[in-house]
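K.L.:
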Amino acid sequence: RSRLVIKTVVSAGGRRAWLAETPEQARAVLLREAPNEPALVQAYEPAIVDSGEYSAIFLAGELSHAVLKLPQRGEFRVQEHFGGRTEAVQGARWMAEYGRRVLDELPEVPGYARVDFVVDAAGEPKLMELELIEPDLFLRYAPESYSRLADLLLRSRT
Numbered sequence: 001r002s003r004l005v006i007k008t009v010v011s012a013g014g015r016r017a018w019l020a021e022t023p024e025q026a027r028a029v030l031l032r033e034a035p036n037e038p039a040l041v042q043a044y045e046p047a048i049v050d051s052g053e054y055s056a057i058f059l060a061g062e063l064s065h066a067v068l069k070l071p072q073r074g075e076f077r078v079q080e081h082f083g084g085r086t087e088a089v090q091g092a093r094w095m096a097e098y099g100r101r102v103l104d105e106l107p108e109v110p111g112y113a114r115v116d117f118v119v120d121a122a123g124e125p126k127l128m129e130l131e132l133i134e135p136d137l138f139l140r141y142a143p144e145s146y147s148r149l150a151d152l153l154l155r156s157r158t
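The numbering of the sequence shown is my numbering, which starts it at 1 and goes up by one.
1) Whole angstroms are fine: how far does the CA of Val-67 sit from the CA of Phe-138?
2) Return yes when the Cβ of Ser-55 is within less than 7 Å of the Cβ of Asp-120, no when it is not.
3) Buried or exposed: where does Trp-18 fall if 16 or more other Cβ atoms within 10 Å of its Cβ makes it buried?
4) Three-state secondary structure (DSSP) at Phe-138?
5) Throw me the rounded Cβ distance for the Ser-145 and His-81 pair, which I believe falls under 8 Å.
6) With a CB to CB cut of under 8 Å and the five nearest residues on each side skipped, what residues in its chain are close to Tyr-197?
7) Out of Val-5, Ser-11, Val-10, Ala-34, state which residue places its alpha-carbon closest to the alpha-carbon of Ala-20.
8) Let me make sure I understand the geometry here. Which of Gln-79, Pro-46, Met-128 has the alpha-carbon closest to that of Arg-15?
9) At what residues does the alpha helix (DSSP H) containing Asp-151 begin and finish?
10) Can you list, in chain order, the residues of its chain with a C-beta nearer than 8 Å to that of Leu-152? Leave out the 5 residues immediately preceding and following it.
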């Protein structure tokens, strides 16, 4: 059996996320930790622990910057408050192409988006989450992105 990640629908920063070994254990965790909350269960992706999770930030449909999030040894969550670390990644062309393919599936291009993905054992990108109302766009890893986002927001007001 493969492991499972359980997350409440409303959460942030890896909080309210648990790892389960079986569907029965996932159910028990939800009943104990979040009995009255909607939740989602997804297959655990070992690439997060093996090679990390990428976040590619798109502004007006174009890749602005990307980061690699790596968990602490023994942890599946990549956030810094769980011991993870984040590194800037130079926006490889394939990341821009992959992210645009993901965004092309939406009815319209969002002003900003964060495409979270891993690279699986076969070397293929695999979507983990598409964040469209994300508070952390990792702007601090690409200081020029602050002004690009500000310009985008100002243009959207007119």
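C-beta: ideal position from N, C-alpha, C; glycine also. Only a predicted model underlies this, so the values are computations on that prediction, with no experimental measurement involved.
P.N.:
With the structure as the only source:
1) 7 Å
2) no
3) buried
4) coil
5) About 23 Å; that fails the 8 Å criterion.
6) Within the shown structure, residues of the chain are numbered from 1 to 158, placing residue 197 beyond reach of any answer.
7) Val-5
8) Gln-79
9) 144–157
10) Leu-59, Ala-60, Gly-111, Tyr-112
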